[in-house]
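Here's the structure we're looking at; comments come further down.
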Amino acid sequence: MSEQSKDKVIKNVEGNGQKPTSPNADLKFDFASFWEYSDAPESSDHIEILEKYDHFIDGEFVKPVKGRYMTSINPSTGKSLTQFAEGTSEDVDKAVKSARKAYTKVWKNLSGKERGKYIFRIARMIQERSRELAITESMDGGKPIRESRDVDVPLAAAYFFYYAGWADKLEYAFPGRKHESLGVCGQIIPWNFPLLMLAWKIAPALATGNTVVLKPAESTPITALKFAEICRDAGLPKGVVNIVTGAGQTGAALVDHPDVNKIAFTGSTAVGKIIQKSIAGTDKKFTLELGGKGANIIFEDAPLDQAVEGIVNAIFFNQGHVCCAGSRLLVQEGVAETLIMKLKNRMETLIVGDPLDKNTDIGAINSQSQFDKINDHLKIGVEEGASMYQSSCKIPDEGYYCRPTIFTNVSQSNRIVQEEIFGPVLTIQTFRTPDEAIEKANNTQFGLAGGVWTDKGSKIFKVGSKLKSGVVWANTYNKFDPTSPFGGYKESGMGREGGLHGLQGYLKFKF
Amino acid sequence: MNTTVLPDFHQTIPIDTIGVEERVSRLNKRSIKKESKLQALKLALSMIDHTTLEGKDSPGKVISLCSKASKPYAALPDLPSVAAVCVYPTMVSIAKKALEGSTVKVASVATAFPSGMAPLQVKIEDTKFAVGEGADEIDMVLSRGQFLSGNYSFIFDEIASIKEACGDAHLKVILETGELETLENVRKASDIAMHAGADFIKTSTGKISPAATQPVTLVMLEAIRDYYLNTGIMIGMKPAGGIRKAKEALQYLVLVKETLGAEWLSPDWFRFGASSLTNDLLMQIVKQETGVYQSINYFSND
Chain G
1 MSEQSKDKVI KNVEGNGQKP TSPNADLKFD FASFWEYSDA PESSDHIEIL
51 EKYDHFIDGE FVKPVKGRYM TSINPSTGKS LTQFAEGTSE DVDKAVKSAR
101 KAYTKVWKNL SGKERGKYIF RIARMIQERS RELAITESMD GGKPIRESRD
151 VDVPLAAAYF FYYAGWADKL EYAFPGRKHE SLGVCGQIIP WNFPLLMLAW
201 KIAPALATGN TVVLKPAEST PITALKFAEI CRDAGLPKGV VNIVTGAGQT
251 GAALVDHPDV NKIAFTGSTA VGKIIQKSIA GTDKKFTLEL GGKGANIIFE
301 DAPLDQAVEG IVNAIFFNQG HVCCAGSRLL VQEGVAETLI MKLKNRMETL
351 IVGDPLDKNT DIGAINSQSQ FDKINDHLKI GVEEGASMYQ SSCKIPDEGY
401 YCRPTIFTNV SQSNRIVQEE IFGPVLTIQT FRTPDEAIEK ANNTQFGLAG
451 GVWTDKGSKI FKVGSKLKSG VVWANTYNKF DPTSPFGGYK ESGMGREGGL
501 HGLQGYLKFK F
Chain U
512 MNTTVLPDFH QTIPIDTIGV EERVSRLNKR SIKKESKLQA LKLALSMIDH
562 TTLEGKDSPG KVISLCSKAS KPYAALPDLP SVAAVCVYPT MVSIAKKALE
612 GSTVKVASVA TAFPSGMAPL QVKIEDTKFA VGEGADEIDM VLSRGQFLSG
662 NYSFIFDEIA SIKEACGDAH LKVILETGEL ETLENVRKAS DIAMHAGADF
712 IKTSTGKISP AATQPVTLVM LEAIRDYYLN TGIMIGMKPA GGIRKAKEAL
762 QYLVLVKETL GAEWLSPDWF RFGASSLTND LLMQIVKQET GVYQSINYFS
812 ND
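Chains G and U are the protein sequences, given in the same order. Under my numbering, residues 1 to 511 are what the first sequence spells out, in order. Under my numbering, residues 512 to 813 are what the second sequence spells out, in order.
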């Protein structure tokens, strides 16, 4: 209550003809100079990561036929974490044969109730090993422990619990329609949510009576291999779940294998197109979960302080490595200046650093190649004439880190607005009318997710129903639940995962 | 003088309760360890308005309260004093005398605390009496009935009148958020109080449940932030009632730090209205300093 503060009274805004939004935009808050949080690292001493991992085929870990291994690094240090087998077509063939045998001999003959028991058991074992899985996920992938602990791992368990419940109720899922399982499913998952994407794929496949060959991403294979241990320890019949590690060629071998009945893929649109070409002319069923460039629309009647949180969750969650990220902010002109100021203030409080520190908000970029790609796009944005703003936070000297970044003065034709950057990079455009917002939101090759922020319920439905995207969040962003279907319009993919809809991709309908 | 244009208080600033709760829950995940914990415990101690507001308060009790306020724990003489004691107007002179020579301020509730159900003239007299007895700070109550009926100009004028009656004493305006019920009302009452001349805005009397909550506090801190950006004037914040544990106090400090920043992390700008919180902070400080918890019997209940 010092007198000095009273002297800080700044100029009158009355009658100067300008909008009275933020006359003191030059006033700054000092978030750093006093009471810094001490380091609060989650201990990783008790986490066992083997020096070398083999494929998991027919219920046991087996060496790769060609004997080649790849390295998984910890992106927060750039140092090697483990070696894992590089899968070749021979390995994939072994895995598919094992899955086929398990399918015909065991799994498809089990009652739904019996299958459900195994899936419930797996869900519980994920919970039991949740701490270990969360720490491993953060070490291998770079995501903050706050997210792997509170989002990735609990949600992964939740998907198994949810689909375990469907296993013995399938005949009631689609009234009046008869269906049967597909057979062997080849599943290829990305590096942004390794264990969670595994759960999205494996849980519905097993519940519907299929067997699985899964290939995790080459930068984040470890939690999938720990999941293999869980399958083994749960007594899951041999060959029902097989895990073959490797990079693009391993995935291609799985896609091209003639005895695979379905391909489920989550990853980039470019690879999705290759997969579609490869399986054209076969009777392989497929679901594709591809890229996105989600529009997060803020109307002037929105709760602004909560919208700022929503923007932060939309683009800075998991370093922006989220296919449904709200990477394009569309904000109504009247509140744009205020909102951007609030967002910049909020960005100053984000902590970038060690993924294992419990206070870290933004961890490490997943890999060198993704790091390069993001930095390329930062350069492109500046070259395109956009104004770049980055928070002033400290970042560690080693490892791959990117400060939270926003671009203003961008146009719809800019590459940074059109292309998926997959990093903590937000573009901000303004709009005047709801129609303009809808048009800009839909003017993209993608259509995975979007957000609408307004205090007016009718506007949520009116705008939401006109957005061409698979998911629309209202007054929130990046919320996931096993009961809710997820998937894309346009080049963001085909098919739905999650919920009742997620069962369809793993069933063949007879009538 | 503040020449900022007054907002139209009949316009409501939209606030999404679920969003506020999510923000609070995320802030609660901050892990405060080691040096930052000890630093925060001592800071919280220095921010306490050590309070007794009971009909049965005696001079003896107030004197004990003051003694605890200026020297919270004899075994650790280097600990800071609390910021203030908070008492009824009739106890101000006793507290003032007991605290002579210390840095601890005397705050007095006034304006027909806790209900505020009295005519303006009585409230002004009540305030002037407390100031005359030596109160450094006045904690007034908002007329909730008038606020809820939409009579915002009444509220504004009343706060302005009390501010005038305060003279040099600082004015804290108690919104009694438990009776305002919605966060949008909390925001509106905060805005009116700040524009009308409050030096501090305060959540609760402690006589109504719920008293201080973190979502309410966050909304008030955001109102202070926006007011600062619009006027350049800093306003203080005081959550009061229901904060009993050191851990909660640290959570409040995180709210302040990440909403308003370092400048507000001082007893000049942030206070806790509490009584039992003092002892829990002391217990935790002793634990941090010595590595072991002391029995509650080692801490005086004043």
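Built from N, CA and C at the ideal position, the CB exists for glycine as well.
What distance in whole Å lies between the Cβ atoms of residue j and residue i, which are believed to be in contact at a cut-off of 8 Å?
i	j	result
I195/G	L214/G	Reading the sequence as shown, one finds Leu at residue 195/G and not Ile. Going by Cβ atoms, the distance from L195/G to L214/G rounds to 11 Å, so no, they are not a contact pair.
A680/U	V730/U	Contact doesn't hold; Cβ gap of about 27 Å is too wide.
Y118/G	A234/G	6 Å
A167/G	R115/G	5 Å
F407/G	L426/G	7 Å
M139/G	S219/G	12 Å between Cβ atoms; not a contact.
H257/G	D93/G	7 Å
V603/U	G645/U	6 Å
D455/G	A336/G	Not quite, the Cβ-Cβ distance comes to about 17 Å (not below 8 Å), so this is no contact.
D560/U	A618/U	6 Å
Output yes if chain U places a C-beta closer than 7 Å to the C-beta of residue i; else output no.
i	result
L343/G	no
P303/G	yes
Y172/G	no
S392/G	no
T21/G	Here T21/G scores only 47 on pLDDT, less than 50, and its place in the model should not be relied on; the value that follows carries that caveat. No, no contact with chain U.
G493/G	no
R149/G	no
L520/G	Any question about residue 520/G goes unanswered here, given that chain G covers just 1 to 511.
Q306/G	yes
S38/G	yes
E300/G	no
W166/G	no
F29/G	yes
E14/G	Its pLDDT being 38, under 50, E14/G is placed unreliably by the model, and the measurement read from it follows with that caveat. So, interface residue.
K201/G	no
T475/G	Residue 475/G is actually Asn in this sequence, not Thr. With 7 Å as the cut-off, N475/G counts as an interface residue toward chain U.
Could you check which residue in the options has the C-alpha nearest to that of residue i?
i	options	result
E436/G	I406/G, L467/G, N414/G, L133/G	L467/G
G499/G	L507/G, V335/G, P482/G, G493/G	P482/G
G752/U	I746/U, K553/U, S786/U, L740/U	S786/U
S109/G	F461/G, G464/G, Q187/G, G183/G	In the sequence as displayed, the identity of residue 109/G is Asn instead of Ser. The candidate whose alpha carbon is nearest that of N109/G is G183/G.
I47/G	V472/G, K226/G, I275/G, F446/G	K226/G
V308/G	H521/U, E533/U, F520/U, W780/U	E533/U
A314/G	F286/G, L343/G, D301/G, R131/G	L343/G
D259/G	T433/G, L503/G, A99/G	A99/G
G612/U	A621/U, I703/U, T601/U, S581/U	S581/U
R694/U	D668/U, P726/U, Q522/U	Sequence check: residue 694/U is Leu here, not Arg. Ranking D668/U, P726/U, Q522/U by Cα distance to L694/U puts P726/U first.
P142/G	N375/G, P355/G, K456/G	Per the sequence shown, the amino acid found at residue 142/G is Gly instead of Pro. Measuring from the Cα of G142/G, the nearest candidate turns out to be P355/G.
H521/U	L732/U, T716/U, G661/U	G661/U
A224/G	P75/G, F29/G, A449/G, E137/G	E137/G
L631/U	A671/U, F783/U, V765/U	A671/U
K608/U	I574/U, A595/U, V598/U, G627/U	I574/U
Does chain G have any CB closer than 7 Å to the CB of residue i?
i	result
D527/U	yes
L732/U	no
E546/U	yes
S542/U	yes
A704/U	no
G784/U	no
A773/U	yes
Who are residue i's beta bridge partners in DSSP?
i	result
L426/G	I406/G
P41/G	D357/G
N74/G	K79/G
Q332/G	F431/G
H561/U	V596/U, A785/U
I275/G	According to DSSP, I275/G bridges with nothing at all.
Shorter than 6 Å, the distance from the beta carbon of residue i to the closest heavy atom of the ligand GTP, or not?
i	result
Y37/G	Of ligands this structure carries none, so the ligand GTP is not represented either.
Cβ contact (3+ pairs, closer than 8 Å) linking the segment 420-432 of chain G and the segment 354-373 of chain G = yes
Three CB pairs or more closer than 8 Å across the segment 380-393 of chain G and the segment 113-126 of chain G | no
Three or more C-beta pairs below 8 Å linking the segment 646-656 of chain U and the segment 739-748 of chain U | no
Using 8 Å as the threshold, is the segment 290-298 of chain G in touch with the segment 314-333 of chain G, meaning 3 or more CB pairs across them?
-> yes
Determine, using beta-carbon pairs with one atom in the segment 403-417 of chain G and one in the segment 256-271 of chain G, whether at least three such pairs fall under 8 Å.
-> no
Touching by the beta-carbon criterion (3+ pairs, under 8 Å), the segment 441-456 of chain G and the segment 388-404 of chain G = no
Inter-stretch contact (C-beta, 8 Å, three-pair minimum) for the segment 458-477 of chain G and the segment 526-545 of chain U | yes
Using 8 Å as the threshold, is the segment 146-165 of chain G in touch with the segment 51-67 of chain G, meaning 3 or more CB pairs across them?
-> no
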